[in-house]
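>
Chains as they are written, first to last, in our numbering: chain G, 1 to 297; chain Z, 298 to 779.
1. Contact criterion: CB-CB distance below 8 Å. Does residue 78 (chain G) meet it with respect to chain Z?
2. Flag this pair as touching only if the segment 662 to 670 of chain Z and the segment 722 to 742 of chain Z have three or more C-beta atom pairs under 8 Å; answer yes or no.
3. Could you tell me whether the segment 110 to 121 of chain G touches the segment 610 to 623 of chain Z, where touching means 3 or more Cβ pairs closer than 8 Å?
4. If the cut is a Cβ gap below 7 Å, which residues of chain G does residue 739 (chain Z) touch?
5. Could you give the C-beta distance for residue 175 (chain G) and residue 42 (chain G), rounded to a whole number, given that I count them as a contact under 8 Å?
6. Note the first and the last residue of the continuous beta strand (DSSP E) segment covering residue 355 (chain Z).
7. Going straight from the alpha carbon of residue 220 (chain G) to that of residue 148 (chain G), what length do you get?
8. So who's on the other strand from residue 129 (chain G), going by DSSP bridges?
9. Ordered along the chain, which non-local residues of its own chain (more than five positions away) have a Cβ less than 8 Å from that of residue 283 (chain G)?
10. Could you tell me which chain Z residues have their CB closer than 7 Å to the CB of residue 131 (chain G), listed as they occur along the chain?
11. Can you list, in chain order, the residues of its chain with a C-beta nearer than 8 Å to that of residue 294 (chain G)? Leave out the 5 residues immediately preceding and following it.
12. Is there contact here, the segment 194 to 203 of chain G with the segment 65 to 77 of chain G, by at least three beta-carbon pairs under 8 Å?
13. Taking contact to mean 3 or more Cβ pairs, one atom from each stretch, closer than 8 Å, check whether the segment 324 to 337 of chain Z and the segment 86 to 99 of chain G are in contact.
14. Give me the Cα-Cα distance between residue 569 (chain Z) and residue 529 (chain Z), rounded to the nearest whole angstrom.
15. Return the residue from the list Z:520, Z:558, Z:372, Z:559 that minimises the CA-CA distance to residue 577 (chain Z).
16. Taking CB distances under 8 Å as the criterion, tell me whether residue 167 (chain G) reaches chain Z.
17. Only counting runs of 3 or more residues, tell me where the beta strand (DSSP E) segments fall wholly within the segment 360 to 425 of chain Z, in order along the chain.
18. Measure the C-alpha to C-alpha separation of residue 304 (chain Z) and residue 671 (chain Z) and round it to an integer number of angstroms.
19. Could you name the residues of the segment 349 to 380 of chain Z whose beta carbon sits closer than 7 Å to any beta carbon of chain G, in the order they occur along the chain?
20. What does a CB cutoff of less than 8 Å around residue 697 (chain Z) pick up in its chain, not counting 5 residues either side in sequence?
21. Would you please verify whether the beta carbon of residue 776 (chain Z) is less than 8 Å from any beta carbon of chain G?
22. By Cβ distance below 6 Å, which residues in the same chain neighbour residue 365 (chain Z) in space, the five residues on each side in sequence not counted?
23. So, at 6 Å on beta carbons, what are the nonlocal neighbours of residue 352 (chain Z) in its own chain, with the 5 sequence-adjacent residues on each side left out?
24. Who are the neighbours of residue 469 (chain Z) on chain G, taking C-beta pairs under 7 Å?
25. List the residues of chain Z whose Cβ lies closer than 9 Å to the Cβ of residue 101 (chain G), in chain order.
26. Is it right to say residue 308 (chain Z) is buried, meaning 16 or more other beta carbons lie within 10 angstroms of its own, or is it exposed?
27. Looking only at its chain, what residues have a beta carbon closer than 6 Å to the beta carbon of residue 291 (chain Z), apart from the 5 residues adjacent to it on each side?
28. If I follow the unbroken alpha helix (DSSP H) through residue 519 (chain Z), where does it start and stop?
29. Return the chain-ordered list of same chain residues with a C-beta closer than 7 Å to the C-beta of residue 275 (chain G), the five sequence neighbours on each side being excluded.
30. Do you know how far the Cα of residue 583 (chain Z) is from the Cα of residue 516 (chain Z)?
31. Give a yes or no on whether the minimum CB-CB distance between residue 95 (chain G) and chain Z is below 8 Å.
32. So does the segment 449 to 458 of chain Z actually touch the segment 415 to 433 of chain Z, counting three or more Cβ pairs closer than 8 Å?
33. Are the CB atoms of residue 232 (chain G) and residue 446 (chain Z) nearer to each other than 8 Å?
34. Could you tell me whether the segment 366 to 374 of chain Z touches the segment 332 to 344 of chain Z, where touching means 3 or more Cβ pairs closer than 8 Å?
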């Protein structure tokens, strides 16, 4: 297999991190705009905003469905056509009171007994929101502490944490652009990304800090291993995403989509952002670097 | 590979541990044919099995406070003022079984000469457990199998939500079961095997928690409405219970089952002869047994109604048809993910002697994970996503090991090999630690389905680091030194 040319010698650290930084700024702008509009960094789905989601497989037209649910606060109908006259539709309703919920649920099951129903009340949605935000924060801080404990040198550790942050921010921005809502599933994927994104960063940093040899060669060596790692994970998750999209398993394909986007950004942030910062660190603090810890090989 | 080499390899503890665990996992999963269908011990979640879940929120709060007036007086006046059940649960902490917003409550406390300190929506764990028992009883009495009721208690010991999972029940039916109170009735015995109706549960106006009399007798105080008290007096007089209590037992019946049976006490019989009585007490006996009976009687008197009002916080359902469809596609997703990984690895190494052990290791990791999961975690859609993600990271780390030991394309001496393997495992440990840390909050918090996702991911990472990756390191060494 021919690896793409990754010629780190040709570029200065500033050149390496320019593109990622531009994308990061754009992502933060997108996150900021969404935050002002919805109160959350990514447009929330019903898990967080509250509401009722009903998934049905039907040959009814959207007009017929709207008419059937005329008495209920239907917000949107989305769906894909499976080709043979039956389409899978996702109907979204806004929140109701308890009697309203019970009436709607029985109205749905009268006509669509096989429907999948998800109902999240407004206050429960808010509880989930707070807990998810807390989980994300604790995860990120926990990850940063682990990274600092492992490397015990400030700049390389910071580089890992920065690229993990960039991964998540860029993925959140991309979710806004692509219209993937923030749900419990996608929050889990973002958390997973915290774990995933440091995988290749740790490989890179360990190789650079603990192996002997020329800096650029060590990075190129790490790049070969890192890229194949990402390819296998990418393969596994892409397969899961495609199959679950065909089977309309929303939660799994949303998780897959977020992980795939995140992994793509991770390649960039590891080999441009993190490598760029390491290269800069290597040139400016050479003395301390070569007297640092070394592995045996 | 020579036969001796294989024996040597299996003798290595890392490899032996892997083999033993895979065998144990297969035993735990126990794949077998039942009625012509492949069946296993793997527990599936509602979204794969079909069924519904309902999450209820308690309309109540628990608060801590300091009071200038004596606590008893304060609690009594608060009870009157809010027209709600208020219980002192521990020093400086009360449970208010009615939803009152924090601001409003703060003002009321100040007016009553107390200061509200902390406000937690929800009830004490004990009350929540009681609500749980009531719901379980009710669901069982309706003959619903496979019901799970969870009281979701936070780290502070306060329970705000309760979750009910009913396999094979549609959401429509589930909401009816949860919302419908039981049918409570009091009858009076007229002859040996005959009873007459006296009143229905709707006239029971309040029920208190079990209480011990000075004599050591447990009982449940309850009150009837004015109308109910009249019905009760008339019934008692008409059927002769006031004159001869001992041959005219009172029976309390819930959904057709007798839950309590006792004669009128002589003093109550005397009172009733003259005037209706609203407040009464059903005695259950002394000691632990009497207390337990009183606890159950309280539940029955409430006629399956919960001690605290609830509202629907969330709910969901998947039909069994859709569940079966999801299950099929999950299996397909797993198979295709494994194939995708195999292809990617093969393109990179082009060497079956490396690719096959890698895939084999990865596959055995999944088997062990499923084996452990049969004991602790049911598989739902989110945890299957976790499982496949683990498959991806698992292969990642086998790549790190392979590349680390094959550094510069040469197979190193055993000594150097072990050194490099240790370093590779160091990288793996580090990234495993971060994944575990990242997932830990989700495993601890109760964000409904995401808990399974986190637990499966953490479990997968731990199995990988402790068992499968060291074993792979040993296997690949034996293969490469050929």
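All residues carry an ideal CB built from backbone N, CA and C; glycine is no exception.
In brief:
1. Answer no: the Cβ-Cβ gap between residue 78 (chain G) and chain Z never drops below 8 Å.
2. The segment 662 to 670 of chain Z and the segment 722 to 742 of chain Z do not touch, with fewer than 3 CB-CB distances between them shorter than 8 Å.
3. Counting Cβ pairs under 8 Å, three or more are found: they touch.
4. Within chain G, the residues near residue 739 (chain Z) are 135, 188, 191.
5. The pair is a contact, with the Cβ atoms about 5 Å apart (cut-off 8 Å).
6. 348 to 355 is the span of the beta strand (DSSP E), which, as asked, contains residue 355 (chain Z).
7. Distance from the CA atom of residue 220 (chain G) to the CA atom of residue 148 (chain G), rounded to whole angstroms, is 24 Å.
8. Per DSSP, residue 129 (chain G) has no beta bridge partner at all.
9. Correct list, in chain order: 13.
10. In chain order, 742, 744 make up the part of chain Z whose C-beta sits under 7 Å from the C-beta of residue 131 (chain G).
11. The predicted position of residue 294 (chain G) is uncertain, since its pLDDT is 41 and thus under 50; a value taken from the coordinates is nonetheless stated next. 210, 211, 212.
12. No: fewer than three Cβ pairs fall under 8 Å.
13. Contact between the segment 324 to 337 of chain Z and the segment 86 to 99 of chain G is absent, because fewer than three Cβ pairs lie under 8 Å.
14. Computed Cα separation, rounded: 9 Å.
15. The option with the nearest alpha carbon to residue 577 (chain Z) is Z:520.
16. Not an interface residue.
17. Annotation note: the segment 360 to 425 of chain Z contains the following uninterrupted beta strand (DSSP E) runs of length 3 or greater, listed N- to C-terminal: 383 to 387, 390 to 393, 411 to 418.
18. Going from the Cα of residue 304 (chain Z) to the Cα of residue 671 (chain Z) covers about 31 Å.
19. Per Cβ criterion, the list reads 352, 354.
20. Closer than 8 Å at Cβ, skipping near neighbours: 721, 724, 725.
21. Judged by the 8 Å Cβ criterion, residue 776 (chain Z) is not in contact with chain G.
22. Excluding sequence positions up to five before and after residue 365 (chain Z), its CB lies within less than 6 Å of the CB of 410, all in the same chain and listed in chain order.
23. Cβ within range, chain order: 458, 460, 610, 611.
24. Per Cβ cutoff of 7 Å: 105, 106, 109.
25. Correct list: 472, 609, 612.
26. Counting Cβ neighbours within 10 Å, residue 308 (chain Z) comes out exposed, since fewer than 16 surround it.
27. With chain Z running from 298 to 779 in the structure shown, residue 291 (chain Z) is simply not present.
28. From DSSP, residue 519 (chain Z) is part of no alpha helix (DSSP H) but of the beta strand (DSSP E) over 514 to 521.
29. Take residue 275 (chain G), set aside five residues on each side of it, and the residues of its chain with a beta-carbon closer than 7 Å to its own are 8, 16, 204, 219, in chain order.
30. About 9 Å.
31. Not one beta carbon of chain Z lies nearer than 8 Å to the beta carbon of residue 95 (chain G).
32. Yes: the two stretches touch, three or more of their Cβ pairs being nearer than 8 Å.
33. Their beta carbons are not under 8 Å apart, which means residue 232 (chain G) does not touch residue 446 (chain Z) by this criterion.
34. Two segments are said to touch when three or more pairs of C-beta atoms, one from each, lie closer than 8 Å; by this definition the segment 366 to 374 of chain Z does not touch the segment 332 to 344 of chain Z.
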